[in-house]
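The next block holds one structure in the form of structure tokens; read it before the comments.
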Amino acid sequence: YGAGADDHGSTLVTRGAGPILRKGTGGRSSVSGIIATVFGATGFLGRYLVQQLAKMGTQVLVPFQGCEDSTRHLKLMGDLGVPMKYNPRDEDSVKAVMAKANVVINLIGREFETRNYSFGEVNHAM
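Take 1 as the starting number for the sequence shown in full-length UniProt numbering and just add one per residue.
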């Protein structure tokens, strides 16, 4: 206790005029300052990637289409995941999901066409 004492153990860090970020050593509830949008996060590879990003303290934005239950299994992986409903055919919806992120990862891809999406729509248009 005194002027200039650095032994408070505070985890608040400021850098220039940027926002105040809470930093940590990694693990649950540690925040690295990275905000990542992960398209395809509800798939096989995506669930493991989201888990690793959350362990690093990354806030993960998980865009999904369909029902709200499709992201239920990701909620157990940490409190840093934010599910966001979007329409992949609506460019404004895709831009809104990516607007807050400083990292975008695309894991969406198909080797074959489906009833709802052609090969070109999934692999090139998105």
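Cβ coordinates follow ideal geometry from the N, Cα and C atoms, glycine included.
Quick check on residue i: does DSSP put it in helix, strand or coil?
i	result
M56	coil
K95	helix
L61	strand
G46	helix
Considering only residues of the same chain and omitting the five flanking positions on each side of residue i, which have a CB-CB separation below 8 Å?
i	result
H8	Low per-residue confidence applies at H8: pLDDT is 47, beneath 50, and the placement is therefore not dependable, though the value from the model is reported in the following sentence. Around H8: no qualifying Cβ.
Y86	P63, F64, Q65, S93, V94, A96 and V97
With respect to the beta strand (DSSP E) encompassing residue i, which residues constitute its N-terminal and C-terminal limits?
i	result
V31	Neither: V31 is in no beta strand (DSSP E) and is coded neither H nor E.
G81	G81 to K85
I105	V103 to N106
Going by beta carbon distance, what residues of the same chain come within less than 7 Å of residue i, once the five residues before and after it are set aside?
i	result
A101	I35, A36, T37 and L61
G46	V38, G40 and L107
Using a Cβ-Cβ cut-off of 6 Å (strictly less than) and excluding sequence neighbours within five positions of residue i, which residues of its own chain qualify?
i	result
M84	L61, P63 and V97
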